[in-house]
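First comes the structure, then the notes that go with it.
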Amino acid sequence: MRLINVNDIQEGMILARPVYSKNGNKLLQEGATLKEGYVPKIKQLGYSSVYIQDKLLQDVEVNDLITEELRRESINHMKETFRSVKAKTTVSAVQVLELKGIVDKLLEDIISNKNLIVDMVDIKMYDEYTFHHCVNVAVLSIIVGLSMGFNQESLYKIGLGALLHDIGKVNVSNELINKKGKLTDEEFEVVKEHTKQGYDKLKENNEIPSTSKIIALQHHERVNGEGYPEGKNDDEIHIYSKIVAVADVFDAMTSDRPYRKGYVPSEVMEYILGGAGSFFDRKVVGHFFKKVAVFPIGTEVTLNDNRVGLVIENFEKFTLRPKLRIIRENDKNIDPYDLDLRENNNKTLTIVKTNKNEQDTV
Ligand SMILES: [Fe+2]
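Rendered as structure tokens:
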């Protein structure tokens, strides 16, 4: 399957992942053939890209770390939580209980998944960005925590804190969250407040572990002291907050937003690696890099010898050396063949770029 921009959708293409309505109902099944009238409808729903089947990748399987149903269920719970916190100002006991159920299910899915690598780009509808984002940050944070050797109880605290990390955003208007262009200093001050306000909404609740609450407060702190709200230094920032900080940046930067196109994972990974030790905790970044694909399956890449291939498999700890299906040589289409970048005789080959031609048109 391949990720393509909605503007490039053509009649006859086959969906590789379902399309959902805004209230979470499945509108188009996986395997559905796209008809002409579907394209404007998909755009209208706020999708910027979709996964379609590709005959070059028919034999390639990509598994999400959690089931589609659980992702949907989690998003719906987050939506409900945001709605009621906005109305009542704090998180109710019932909601915490429900969110705990979600974290348990996320842990179960992630721990039982053998292919523990993040290999898909999450497609978010603009209106639902925040809820998707919270769920994705939770999944990414749990994976990194697992890689770092945290036990189930710690993973649970990380997961719950990650789901709730942006709950303070209920106080920030949608216009500000989706604003095109740079925020003014005053606007940025308002956005920054979501950390303290999020913590305030959680702090009275005895059902939420204190380290989960700390995540809401500290996820924008940076190890060099340049973060917010308190400008804390490295050893003053809780390790759970450091994990969520990296997951948050990765998911936010790879997402399409109304004001900009998402960056490809390889670009974001470069940014995160560049920030290791200054913005982000080095150890966390190391684990993140082992577990999250730099080039997710279906990505088209160019090698240093100018061959072009599609990523067909990723390997834990070798996220820069995927297996490729070479489709072009010397600017000519060829009979595809597979090439494993981990093999010794391919050592001098490197991926020089991710080809974004199909996603550039937003
Ligand atoms: Fe945040």
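Letter by letter, the sequence shown follows residues 294 to 655 in this note's numbering. Using N, Cα and C, we set each Cβ at its ideal position, and we do this for glycine too. Note that the coordinates shown come from a computational prediction; the quantities given were computed from them, not determined experimentally.
Item, Value
"Where Q652 falls, given that 16 or more other Cβ within 10 Å makes a residue buried", "Caution is warranted here: a pLDDT of 42 is assigned to Q652, below 50, making its placement in the model unreliable, and the coordinate value is therefore given only provisionally. Classification for Q652: buried."
"Option nearest I403 by Cα separation, candidates S377, N356 and I368", "N356"
"7 angstroms Cβ shell around I508 - same chain, five flanking residues per side excluded", "G454, A455, H458, Y533, S534 and V537"
"Buried versus exposed call for P333 [16 or more other C-beta atoms within 10 Å across all chains shown]", "exposed"
"Any non-hydrogen atom of ligand 1 within 6 angstroms of D544 CB", "no"
"Cβ contact (3+ pairs, closer than 8 angstroms) linking the stretch 376-389 and the stretch 321-332", "no"
"F573 - partner residues in DSSP beta bridges", "A569"
"Contact belief for S367 with L338 at Cβ below 8 angstroms, rounded distance in angstroms", "With 8 angstroms as the limit, S367 and L338 do not qualify as a contact, their Cβ atoms being about 19 angstroms apart."
"heavy atom of ligand 1 below 6 angstroms from D459 C-beta", "yes"
"Rounded separation between L566 and G461 - CA only", "28 angstroms"
"G491, enclosing alpha helix (DSSP H) - first and last residue", "H487 to K496"
"Where the alpha helix (DSSP H) containing T382 begins and where it ends", "No alpha helix (DSSP H) holds T382; DSSP gives it neither H nor E."
"Residue environment, S434, which counts as buried when at least 16 other CB atoms sit within 10 Å", "buried"
"heavy atom of ligand 2 below 6 angstroms from N626 C-beta", "With respect to ligand 2, the structure shown offers nothing to examine, as its ligands consist of ligand 1."
"Distance, R515 Cα to P522 Cα", "10 angstroms"
"Element boundaries [beta strand (DSSP E), containing E622]", "K616 to E622"
"Own chain, CB closer than 8 angstroms to S307, minus 5 neighbours either side, in chain order", "What sits at residue 307 in the sequence shown is Ile, not Ser. Hits under 8 angstroms: G324, A325, T326, L327, I345 and Q346."
"Proximity winner among K625, T592 and F582, relative to R600 (alpha-carbon distances)", "K625"
"Nearest-angstrom Cβ-Cβ length linking V437 and H531, presumed shorter than 8 angstroms", "Actually they are not in contact, since the Cβ atoms of V437 and H531 sit about 14 angstroms apart, beyond 8 angstroms."
"Three-pair Cβ contact test at 8 angstroms for the stretch 462-473 versus the stretch 386-395", "no"
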